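Numbering-wise (this note's numbering), the sequence shown opens with residue 18 and increments by one.
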Amino acid sequence: MKKLMIALLLVSGLANAAEEWFESANNSGGKIVLLTYACPNAPTLKRMYAYHKEGMTFWGCWNYWNDMVHVVYDNGDNYTYDPTLFSRRTKP
């Protein structure tokens, strides 16, 4: 049930909510951040980035498909994440 709720939040009309995003801690002391606006070269995908605690940032695009969050990083790497790892955030 939690996975279904996360999925609904991920795919619901968030494109209109510029001040909302989803984030998850990563293994390098940073975060994976799923943004709600379209990717520049792939408008059916949403923009994302991940960063390390040292400050290195990796950009990419994401989509929710088949009960998972799929990420394609700009360097060509592909990853799949469980959507329950992400928390919804909003700008106060």
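Glycine included, every Cβ here is placed at the ideal spot set by N, Cα and C. Keep in mind that this is a model prediction, so the values were computed, not measured.
- Here the alpha carbon of V86 sits roughly 17 Å from the alpha carbon of Y68.
- Beta-bridge analysis with DSSP links L52 to no other residue.
- The three-state secondary structure of T74, taken from DSSP, is strand.
- With fewer than 16 other Cβ atoms inside 10 Å of its own Cβ, G46 counts as exposed.
- In the displayed model, T61 falls within coil according to three-state DSSP, outside both helix and strand.
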